[in-house]
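**Q** So that we are looking at the same thing, I have put the structure below in structure tokens.
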Amino acid sequence: MFHAVSCIIALYVIWRLVLPLSIPKVFKLVLAAIVLLGAEHQLITRNFFGSMASPEIPFALLISLSCLYGAICFTGLLLMLKDAIGVLSYLPFKTFAKRLLSSKQIPVAIAVIATSLSLIGVWQAARVPDVKKMEIVLPNLPPQLDGFRLVQLTDLHASKLLQASWMNEVVTKTNALDPDLIVITGDLVDGTPEARHDDVQPLRKLQAKQGVYAIPGNHEYYADYASWLQKFDELGLPMLLNANVKISHQNASFVLAGVTDTIAPNFQQTPPDLAAALKDAPKNHPVILLAHRPIDAIANAAAGVSLQLSGHTHGGQILGFHKLVQRANQGFVSGLYQVDDMQLYVSNGTGLWAGLPIRLGRPSEITEITLRAKL
Numbered sequence: 076m077f078h079a080v081s082c083i084i085a086l087y088v089i090w091r092l093v094l095p096l097s098i099p100k101v102f103k104l105v106l107a108a109i110v111l112l113g114a115e116h117q118l119i120t121r122n123f124f125g126s127m128a129s130p131e132i133p134f135a136l137l138i139s140l141s142c143l144y145g146a147i148c149f150t151g152l153l154l155m156l157k158d159a160i161g162v163l164s165y166l167p168f169k170t171f172a173k174r175l176l177s178s179k180q181i182p183v184a185i186a187v188i189a190t191s192l193s194l195i196g197v198w199q200a201a202r203v204p205d206v207k208k209m210e211i212v213l214p215n216l217p218p219q220l221d222g223f224r225l226v227q228l229t230d231l232h233a234s235k236l237l238q239a240s241w242m243n244e245v246v247t248k249t250n251a252l253d254p255d256l257i258v259i260t261g262d263l264v265d266g267t268p269e270a271r272h273d274d275v276q277p278l279r280k281l282q283a284k285q286g287v288y289a290i291p292g293n294h295e296y297y298a299d300y301a302s303w304l305q306k307f308d309e310l311g312l313p314m315l316l317n318a319n320v321k322i323s324h325q326n327a328s329f330v331l332a333g334v335t336d337t338i339a340p341n342f343q344q345t346p347p348d349l350a351a352a353l354k355d356a357p358k359n360h361p362v363i364l365l366a367h368r369p370i371d372a373i374a375n376a377a378a379g380v381s382l383q384l385s386g387h388t389h390g391g392q393i394l395g396f397h398k399l400v401q402r403a404n405q406g407f408v409s410g411l412y413q414v415d416d417m418q419l420y421v422s423n424g425t426g427l428w429a430g431l432p433i434r435l436g437r438p439s440e441i442t443e444i445t446l447r448a449k450l
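Under my numbering, the sequence shown is numbered contiguously, ending at residue 450.
Structure follows, in structure tokens:
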């Protein structure tokens, strides 16, 4: 479906922008080929250079192809807008519409705007995120835990795009916050343990007073899940696979639980099981649940979870497009939600998938959460 949509956009750009150009036919063919191949570079990568989840091509080429792909997509959207305005030529606004559409500068303006949006979007996607600070009030939080600070990282997506240097800066920023606890809510990596060996090494430097805990996201299952579990253990990242730990601080404690991802059964792995994740957990303790996807929030709230931390959506990546992502995730896409008696926080993600590295209006984040007891 993804490749089909990309192809349709490319053909539309060729039809509405490339073919009308007043240039020799051979140049039109070359430009059309560039547009079509650029729009389908993920398909080419999937078949010849790594996988759809993990394009194994040089960083500079990956950035260039991402900028080209973004420019093609934004050009297609702007051309559709132009054609929609063209409909106005049959309505009372026809004078304005005809004057606007007759301008010879329209194709140039579309190309400039689309390219600019793409360049900004790719830069926003690949930069080291800022720290987002927030407070979350938990009604059943013991007063001794008021002010407890945890940092959520999610969707790190170590790859040819987000390499060791990027990961090291994220770790440095996180450690500088001196948090009580660090949690990673899935999609740490793209590719095999061999391909990502150097890129994940900075994660072993993460430090927090109460430790670092993680869960898998869907991308962990795409390439040698069992080997990744061993690698995470070597990196000092305990994985909460339908399990929990008690976090004690200032003579009080809460339960930190984690579940696997819903895609697990597709790879003959254990599906998420909240009952198993809460087995033997101390009663009457606040429960903070790490769940990569936000989609089971209503059921988790009914089971007595106090706070769920999730990622997966990347915040929708592009303002406007996030509405589609929201619909695919039961209405949850970014920020803090009240789900019955439970709080749900969905991070925009610290990184993102290298196959579509564009962010506009939905910035990445390193999330520092201060827990507050209800007064």
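Each residue gets a CB set at the ideal place from its N, CA and C atoms; glycine is no exception.
Please determine, among Y296, D221 and I373, the residue with the shortest C-alpha to C-alpha distance to I444.
**A** Residue D221 is the option with its Cα nearest to I444.
**Q** Quick one, which of Q405, A239, K235 and Q401 has its alpha-carbon nearest F124's?
**A** Of Q405, A239, K235 and Q401, the residue nearest in Cα terms is K235.
**Q** Return the residue from the list R271, L225 and T229 that minimises the CA-CA distance to L256.
**A** Comparing Cα-Cα distances from L256 to each of R271, L225 and T229, the minimum goes to L225.
**Q** I'd like to know whether the C-beta atoms of P432 and A201 end up nearer to each other than 7 Å.
**A** Yes, Cβ-Cβ distance for P432 and A201 is below 7 Å.
**Q** Cα separation between K398 and K100?
**A** Going from the Cα of K398 to the Cα of K100 covers about 40 Å.
**Q** Determine the DSSP secondary structure at Q180, reduced to helix, strand or coil.
**A** Here Q180 sits in coil by DSSP.
**Q** So what's T260 in DSSP terms, helix, strand or just coil?
**A** If DSSP states are grouped into helix, strand and coil, T260 belongs with the strands.
**Q** T425 and L228 look like a contact to me (Cβ under 8 Å); what is the Cβ gap, rounded to whole Å?
**A** Indeed they touch by this definition, with Cβ atoms about 5 Å apart.
**Q** Could you tell me which of L312, A146, K208 and A135 sits nearest to Q238, measuring between CA atoms?
**A** Comparing Cα-Cα distances from Q238 to each of L312, A146, K208 and A135, the minimum goes to A135.
**Q** Does the count of Cβ pairs from the region 140-147 and the region 113-131 closer than 8 Å reach three?
**A** Yes, the region 140-147 is in contact with the region 113-131.
**Q** Buried or exposed: where does H360 fall if 16 or more other Cβ atoms within 10 Å of its Cβ makes it buried?
**A** So H360 ends up on the buried side.
**Q** What residue range is occupied by the uninterrupted alpha helix (DSSP H) comprising T442?
**A** Counting along the chain, T442 falls outside any alpha helix (DSSP H), though it belongs to the beta strand (DSSP E) covering E440 to A448.
**Q** Out of I138, K157 and V258, which has the shortest C-alpha to C-alpha gap to Q199?
**A** Closest option to Q199, Cα to Cα, is I138.
**Q** Under three-state DSSP, which class holds R121?
**A** It is helical.
**Q** What three-state label does DSSP hand Q343 in the structure shown?
**A** Note: Q343 maps to coil in three-state DSSP.
**Q** For R402, count the other beta carbons within 10 Å of its own beta carbon; 16 or more makes it buried, fewer makes it exposed. Which is it?
**A** Burial call: exposed.
**Q** According to DSSP, is I132 helix, strand or coil?
**A** Coil, per DSSP.
**Q** Considering only residues of the same chain and omitting the five flanking positions on each side of T150, which have a CB-CB separation below 7 Å?
**A** Counting only Cβ-Cβ distances below 7 Å, and skipping sequence neighbours, we find V88, L92, I185, A186 and A189.
**Q** Hey, N317 and A351: beta-carbon distance below 7 Å or not?
**A** In contact: N317 and A351 (Cβ atoms closer than 7 Å).
**Q** Out of R368, I393, C148 and I195, point me to the one whose CA is closest to A79's CA.
**A** The shortest Cα separation from A79 among R368, I393, C148 and I195 belongs to C148.
**Q** Need the endpoints of the beta strand (DSSP E) that E244 sits in, please.
**A** It is not in any beta strand (DSSP E) - E244 instead sits in the alpha helix (DSSP H) that spans A239 to A251.
**Q** Can you grab the Cα-Cα spacing for the pair L331 / E244, in whole Å?
**A** The alpha-carbon atoms of L331 and E244 are separated by roughly 26 Å.
**Q** Straight-line CA distance for K405 to P277?
**A** One point to set straight first is that residue 405 is Gln, not Lys, in the sequence displayed. Near 34 Å, if we compare the C-alpha coordinates of P277 and Q405.
**Q** Check the C-beta distance from I441 over to V206 and give it rounded, since I have them as a contact under 8 Å.
**A** With 8 Å as the limit, I441 and V206 qualify as a contact, their Cβ atoms being about 5 Å apart.
**Q** Per DSSP, what are the beta-bridge partners of S385 in this structure?
**A** Answer by DSSP bridge pairing, in chain order: V421.
**Q** Using a 10 Å radius around the Cβ and a threshold of 16 neighbouring Cβ atoms, would you call V105 buried or exposed?
**A** Per the 10 Å Cβ criterion, exposed.
**Q** For the beta strand (DSSP E) that N319 lies in, which residues bound it at each end?
**A** It spans A318 to H324 - the beta strand (DSSP E) in which N319 sits, taken as one unbroken run.
**Q** Counting only the same chain and skipping the five closest in sequence on each side, list residues whose C-beta sits under 6 Å from that of K306.
**A** Closer than 6 Å at Cβ, skipping near neighbours: P268.
**Q** Compare the C-beta of H232 with all C-beta atoms of chain B and state if any pair is closer than 7 Å.
**A** Among the protein chains of the structure shown there is no chain B, as only one such chain exists.
**Q** Going by CA-CA distance only, name the one from Q180, N215, A233 and L365 that's closest to A327.
**A** Of the candidates Q180, N215, A233 and L365, the one whose C-alpha sits nearest the C-alpha of A327 is N215.
**Q** Measure the CB-CB distance between L411 and Q383 and report whether it falls below 7 Å.
**A** It is not a contact, given that the beta carbons lie outside the stated cut-off.
**Q** May I have the straight-line CA-CA distance separating H232 from I98, to the nearest angstrom?
**A** H232 and I98: Cα-Cα distance of roughly 42 Å.
**Q** To the nearest angstrom, report how far apart I211 and L446 are at their CA atoms.
**A** The alpha-carbon atoms of I211 and L446 are separated by roughly 5 Å.
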